[in-house]
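Numbering (the numbering used here) for the sequence shown: 220 to 381.
Here is the structure we will look at, set down as structure tokens.
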Amino acid sequence: MASKTDFITRFSGPSNPDGAAWGDIRYFGITSDADTDNAMEFVKFCMDEGYMNTLAIAPEGKFPVRKGTRNDAEKFVKGWAKLSVGVDRKAPLTELYPADVINNIVAGLETASRWGVREGQLSLASKIINSQVFNRRVREYIDGTRSLDETVRIIKSDLNRI
Numbered sequence: 220m221a222s223k224t225d226f227i228t229r230f231s232g233p234s235n236p237d238g239a240a241w242g243d244i245r246y247f248g249i250t251s252d253a254d255t256d257n258a259m260e261f262v263k264f265c266m267d268e269g270y271m272n273t274l275a276i277a278p279e280g281k282f283p284v285r286k287g288t289r290n291d292a293e294k295f296v297k298g299w300a301k302l303s304v305g306v307d308r309k310a311p312l313t314e315l316y317p318a319d320v321i322n323n324i325v326a327g328l329e330t331a332s333r334w335g336v337r338e339g340q341l342s343l344a345s346k347i348i349n350s351q352v353f354n355r356r357v358r359e360y361i362d363g364t365r366s367l368d369e370t371v372r373i374i375k376s377d378l379n380r381i
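Below, the structure is given as structure tokens:
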């Protein structure tokens, strides 16, 4: 099974060669009744010298949307890759994944959009997810029922019907 799996952060196809990825970027909001000056200082801290601490809260679920600083364009990507992840057993991402996988995760952020779909396409995406086309057809491929090319052809056919 391991030889038939990979770490995928975005899907692409004929209608979207750049691919699409799901993303959920969290934002800081400062309310009108807040201590605005202190709130702005906190946000600046969290996005600069405190950014690694922010990512360290849950590095397996928080990815470096801000890749680096003016002086070091990859500072936060490199730092994030060294953060420990896990529950029972903790280890830095660099010990769990090769550099190409880590780079693939970060590259997925370049095409990520909320829910992985363009505006106005959420209903269609929901129908696709609920159809379980991908789950069933990939399972059949992993089980050796058919070749990769045949599986892709069937998935396309299934999706065209949706």
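All C-beta atoms, glycine included, are put in the ideal place defined by N, C-alpha and C.
key: For G298, three-class secondary structure by DSSP   = The count along the sequence shown starts at 1 and reaches residue 298 at position 79. Note: G298 maps to helix in three-state DSSP.
query = What whole-angstrom Cβ distance do T313 and I324 have, given they're in contact under 8 Å?
reply = Here residue 313 is taken as the residue at index 94 of the sequence shown, counted from 1. Here residue 324 is taken as the residue at index 105 of the sequence shown, counted from 1. Actually they do not touch by this definition, with Cβ atoms about 12 Å apart.
request  = Say whether the stretch 262–271 touches the stretch 230–238, bearing in mind that this needs 3 or more beta-carbon pairs closer than 8 Å, one atom from each stretch.
outcome  = Contact fails between the stretch 262–271 and the stretch 230–238, because fewer than three Cβ pairs, one in each stretch, are under 8 Å apart.
ask   = In angstroms, rounded to a whole number, what distance separates the CA positions of R308 and R380?
value = Position 89 of the sequence shown, counted from the first residue, corresponds to residue 308. Position 161 of the sequence shown, counted from the first residue, corresponds to residue 380. Their backbone Cα atoms lie some 44 Å apart in a straight line.
key: Span of the beta strand (DSSP E) around G238   = Along the sequence shown, read from residue 1 onward, the residue named residue 238 stands at position 19. From DSSP, the beta strand (DSSP E) with G238 extends over N235 to G242.
task = Sort K281, L328 and L274 by Cα distance to I227 and report the nearest one.
result = By 1-based counting over the sequence shown, the position of residue 227 is 8. Nearest C-alpha to I227: L328.
task = Count the other C-beta atoms from every protein chain shown that fall within 10 angstroms of the C-beta of L302, then say buried if there are 16 or more, exposed otherwise.
result = Here residue 302 refers to the residue found at position 83 of the sequence shown. With 16 or more other Cβ atoms within 10 Å, it is buried.
request  = Taking all protein chains shown into account, decide if L341 is buried (16 or more other Cβ within 10 angstroms of its Cβ) or exposed.
outcome  = Within the sequence shown, residue 341 is the residue found at index 122, counting from 1. By the 10 Å Cβ count, L341 comes out exposed.
task = Taking 8 Å as the cut-off, decide whether the C-beta atoms of I249 and A258 are in contact.
result = Stepping through the sequence shown from its first residue, residue 249 is reached at position 30. Stepping through the sequence shown from its first residue, residue 258 is reached at position 39. A contact, by the Cβ cut-off of 8 Å.
task = Could you please give the first and the last residue of the uninterrupted beta strand (DSSP E) stretch that includes S231?
result = Your numbering for residue 231 matches position 12 in the sequence shown. Taken as a continuous stretch (DSSP letters only), the beta strand (DSSP E) holding S231 covers F230 to G232.
request  = Output the distance between the C-alpha atoms of K294 and T288, rounded to the nearest integer angstrom.
outcome  = As a first step, residue 294 must be located in the sequence shown, where it is residue number 75. As a first step, residue 288 must be located in the sequence shown, where it is residue number 69. Going from the Cα of K294 to the Cα of T288 covers about 7 Å.
query = Between which two residues does the alpha helix (DSSP H) carrying V325 extend?
reply = Taking the sequence shown and counting its residues from 1, the one referred to as residue 325 is at position 106. First-last of the alpha helix (DSSP H) with V325: A318 to G327.
Environment of R229 [buried if 16+ CB atoms lie within 10 Å] = Counting from 1 along the sequence shown, the entry for residue 229 is found at position 10. When all chains shown are included, R229 counts as buried.
ask   = Can you tell me whether DSSP reads V304 as helix, strand or coil?
value = Translated into positions along the sequence shown, residue 304 becomes position 85. Here V304 sits in strand by DSSP.
query = In terms of DSSP beta bridges, what is A310 paired with?
reply = Residue mapping note: residue 310 aligns to position 91 of the sequence shown, counting from 1. For A310, which the question treats as bridged, DSSP gives the partners V304.
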